Amino acid sequence: MNKQIRNKFAGEWINRMIELTNPAKVVLIDGSEEQKKKITAEAVEAGELITLNQNLMPGCYLRRSNPNDVARVEERTFICTDEQKEAGPTNNWAYAPEMYDKMHILFKDSMKGKTMYIIPYLMGPYDSEFSKVGFELTDSRYVVLSMLIMARCGQRVLDELGSSNEFVKGLHSVGTMNAEERYICHFPKDRTIYSFNSEYGGNVLQGKKCFSLRIASSVARQEKWLAEHMLILAIKKPSGEKVYVAAAFPSACGKTNLAMLIPPQKYIDEGYEVTTLGDDIAWLRIGNDGRLYAINPEYGFFGVAPGTNAKSNFNALESTRKNTIFTNVALNKDDNTVWWEGLTKIPPQNAIDWKGKEWTDKENVKGAHPNSRFTAPIENCPSLDEDYNSPKGVPISAIIFGGRRAKVMPLVMQSFNWNHGVFLGSSMGSETTAATTGKVGVTRRDPMAMLPFIGYNISDYFNHWLTMGALLGEKAPLIFNVNWFRTDDEGNFIWPGFGENFRVLKWIIGRCDCSENENVKKTEIGLLPKEIDFDGIDVPDDVREELFNVDKEIWLSEFNEIREFYDKLDYIPLGLKNELEFLKLRLENM
Ligand code: SAT
Ligand code: MN
714 MNKQIRNKFA GEWINRMIEL TNPAKVVLID GSEEQKKKIT AEAVEAGELI TLNQNLMPGC
774 YLRRSNPNDV ARVEERTFIC TDEQKEAGPT NNWAYAPEMY DKMHILFKDS MKGKTMYIIP
834 YLMGPYDSEF SKVGFELTDS RYVVLSMLIM ARCGQRVLDE LGSSNEFVKG LHSVGTMNAE
894 ERYICHFPKD RTIYSFNSEY GGNVLQGKKC FSLRIASSVA RQEKWLAEHM LILAIKKPSG
954 EKVYVAAAFP SACGKTNLAM LIPPQKYIDE GYEVTTLGDD IAWLRIGNDG RLYAINPEYG
1014 FFGVAPGTNA KSNFNALEST RKNTIFTNVA LNKDDNTVWW EGLTKIPPQN AIDWKGKEWT
1074 DKENVKGAHP NSRFTAPIEN CPSLDEDYNS PKGVPISAII FGGRRAKVMP LVMQSFNWNH
1134 GVFLGSSMGS ETTAATTGKV GVTRRDPMAM LPFIGYNISD YFNHWLTMGA LLGEKAPLIF
1194 NVNWFRTDDE GNFIWPGFGE NFRVLKWIIG RCDCSENENV KKTEIGLLPK EIDFDGIDVP
1254 DDVREELFNV DKEIWLSEFN EIREFYDKLD YIPLGLKNEL EFLKLRLENM
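Each residue of the sequence shown is one higher than the one before, starting from 714 at the first, in our numbering.
Shown next as structure tokens:
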């Protein structure tokens, strides 16, 4: 029996889980350096981690996962409730009592002969109204060491919890790694998460997607706040004033790059600065002054390695220089460091690929898995904002939605109002194939980049966004849509992206402080800039026009696609139905 947890509610539940999983030993994670060192040494000893060059990369380790376990598995991820309509048509649903039964059979004796680690963790800063406690019980040292990077963990969290019964319960076991029996289960009503047969971050670092998005979105609906798949950044203006922005993008749209953007030199010289508060998740609450405040509940970055280099994302690369766990990247044998596609032009001479084999056929075999990752402490980030840890969060002036669209979306536009902004978010998406062909391809709708992460019915989620707008009233952030991926007819990107995206951010913050009051034109689809500051980059006139072109035919088919998407949902809140209708009227009069 476990006597280390003094909180009565947590203690009772943990004892039941110990009885179920039957570990040989139970260790409470206290958050100390000493304990972390010990567990790291054990993981190295057991072959679970490979020690990298400690002179060049102090505190860094490499992990090779089971090759069948390299990404999130949406088809094995479940929202478990009493009734299907609570989960809605976009989630995998399971009847909660039945799933509990199934899980309890799988977890029975699953930790036999192993150690159970009890991880008390906090999502959000200490002493903050925003923050919420979770426990993850796991038999994986890799998960323990990753959680110590991604969340605030240990004794201080227990102190903060005190005698409260408000915490998220999480159980994880690596099981047998049988992919067919892999389960990532969420029970929103009980605030409980069970992960089985996986060790991949998005499935088992439960503080991340499971708690901070799926469970939290459902709690946020009840408590009238928002749990969103958004980065948070700050832009300091030459006057010294800071503007905070939150932004949501589907995967592979450069979210981490935007979070850590370095402006072109000209703007740095003028006194602009971009700083990072978060790269993946934001919790947003209405503050005492009526404005929307945001925190990043996480404490680290779980970033995609391939494509990251000193040019594409200097700050991300720097963040991985120490105390970082790399998963499924290549090992450079010459200096015992890591490598991935896109880090340098030429791969290392002597390397081992992500599966642990000598990497000889560099033409046909990848060195790193495309979804290989770094798990790095947020405090390593050179562009970290001084307020990343602020218990009261930062006031958000603008919310940005974005996707990968070849033709339909302009480089940037502002919504007419909150409801129209929610409409833009609800219909956002990415074209998977279009970017390479230049044609308007199949769009995968990914509302607010939350499709796999909404812990309840998507129609209720849209409704909740409209409610938040009503509560915020005139203090609501402005809502924008951006598209860095517009292409010409040959499929070439016409916008340079990366640091140059700062030019778009500059217009956005100008809309927030009214300095761009004159630089705006009303179109059928939204408010567009008359011009963007292109000074210092070569953008031909026809490209300037193309970046902001609104094509009636393309937009009519976009309208039809959105309607088809809406038709698949249980219901569409009136506010969004109206927006769709208004769009049609404006297009017909175009
Ligand atoms: O795959 S994860 O969900 O862990 C990472 C991400 O998509 O942000
Ligand atoms: Mn994400």
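For glycine and all other residues, C-beta sits at the position ideal for the given N, C-alpha and C. Here the structure is a predicted model, which means the values were calculated and not measured.
Could you give the first and the last residue of the continuous alpha helix (DSSP H) run that contains residue i?
i	result
Val856	Arg854 to Met863
Lys1219	Phe1215 to Cys1225
Thr1343	Residue 1343 falls outside the range modelled here, since the chain spans only 714 to 1303, and no answer is possible.
Asn1045	Note, Asn1045: premise wrong, no alpha helix (DSSP H); beta strand (DSSP E) at Ala1043 to Asn1045.
Ala972	Lys968 to Ala972
Val870	Gln868 to Leu874
Glu954	Careful: Glu954 lies outside any alpha helix (DSSP H) and carries neither H nor E.
Arg1276	Lys1265 to Asp1280
Lys949	Careful: Lys949 lies outside any alpha helix (DSSP H), inside the beta strand (DSSP E) at Leu944 to Lys949.
Trp1310	Outside the shown range of the chain (714 to 1303) lies residue 1310, about which nothing can therefore be said.
Should residue i go down as buried or exposed, given a rule of 16 or more other Cβ atoms within 10 Å for buried?
i	result
Glu703	The first residue shown for the chain is 714 and the last is 1303, placing residue 703 beyond what the model contains.
His817	exposed
Thr1057	exposed
Glu799	buried
Ala1023	exposed
Ala1319	For residue 1319 there is no data in the structure shown, the boundaries of the chain being 714 and 1303.
Asp852	buried
Gly837	buried
Arg777	buried
Gly847	buried
Thr989	buried
Tyr839	exposed
Leu1287	exposed
Tyr907	buried
Lys1265	exposed
Tyr774	buried
Cys1094	buried
Thr1150	In this prediction, Thr1150 scores a pLDDT of 45, lower than 50, which makes its location untrustworthy; the coordinate-derived value is nonetheless stated afterwards. So Thr1150 ends up on the exposed side.
Asn1026	buried
Lys845	buried
Given this structure, state the Cα-to-Cα distance separating residue i from residue j, to the nearest angstrom.
i	j	result
Asn1214	Phe791	37 Å
Met890	Lys1035	30 Å
Thr905	Phe880	9 Å
Lys1297	Leu1269	8 Å
Leu1164	Tyr985	34 Å
Leu762	Arg785	21 Å
Tyr1279	Gly772	49 Å
Asn728	Asp743	18 Å
Ser691	Asn1028	A query on residue 691 cannot be resolved here, the shown segment of the chain reaching from 714 to 1303 and no further.
Asp1283	Ser1172	7 Å
Ile862	Cys1225	35 Å
Arg719	Ser876	8 Å
Ser1085	Glu1092	21 Å
Glu1277	Gly801	17 Å
Glu1259	Ile831	55 Å
Arg1117	Phe1261	15 Å
Pro1083	Asn1302	46 Å
Ala965	Thr1236	29 Å
Arg1157	Lys1219	29 Å
Leu1005	Ile1109	6 Å
Gly1134	Met812	37 Å
Arg927	Gly967	22 Å
For my contact list, residue i and residue j are in at a C-beta cut-off of 8 Å; report their separation, rounded to the angstrom.
i	j	result
Asn1230	Lys1243	About 11 Å separates the two Cβ atoms, so there is no contact after all.
Lys937	Leu1179	Actually they are not in contact, since the Cβ atoms of Lys937 and Leu1179 sit about 12 Å apart, beyond 8 Å.
Asn1066	Ala1089	Note that residue 1066 corresponds to Asp in the displayed sequence, not to Asn. 22 Å between Cβ atoms; not a contact.
Arg1257	Phe1247	7 Å
Val1125	Val1217	5 Å
Gly1115	Ser930	So it is not a contact: roughly 20 Å between Cβ atoms.
Ile948	Val956	5 Å
Phe962	Thr1033	Not confirmed; about 21 Å, so no contact.
Tyr896	Arg789	6 Å
Leu829	Val739	At residue 829 the sequence reads Met, which differs from the Leu that was named. With 8 Å as the limit, Met829 and Val739 qualify as a contact, their Cβ atoms being about 5 Å apart.
Trp1131	Ala1189	5 Å
Taking residue i as part of the beta strand (DSSP E), name the residues at either end of that continuous run.
i	result
His1082	Looking at the DSSP string, His1082 is not in any beta strand (DSSP E), and its letter there is neither H nor E.
Met829	Thr828 to Met836
Met1126	Val1125 to Gln1127
Asn1194	Leu1191 to Val1195
Val1107	Val1107 to Gly1115
Ser1103	Careful: Ser1103 lies outside any beta strand (DSSP E) and carries neither H nor E.
Ile994	From DSSP, Ile994 is part of no beta strand (DSSP E); its letter is neither H nor E.
Is the beta carbon of residue i within less than 7 Å of some heavy atom of the ligand ATP?
i	result
Phe1015	What this structure holds is the ligand SAT and the ligand MN, not the ligand ATP.
As a quick check of your reading: which residues have a C-beta less than 6 Å from at least one non-hydrogen atom of the ligand MN, in chain order? That gives His942 and Asp993.
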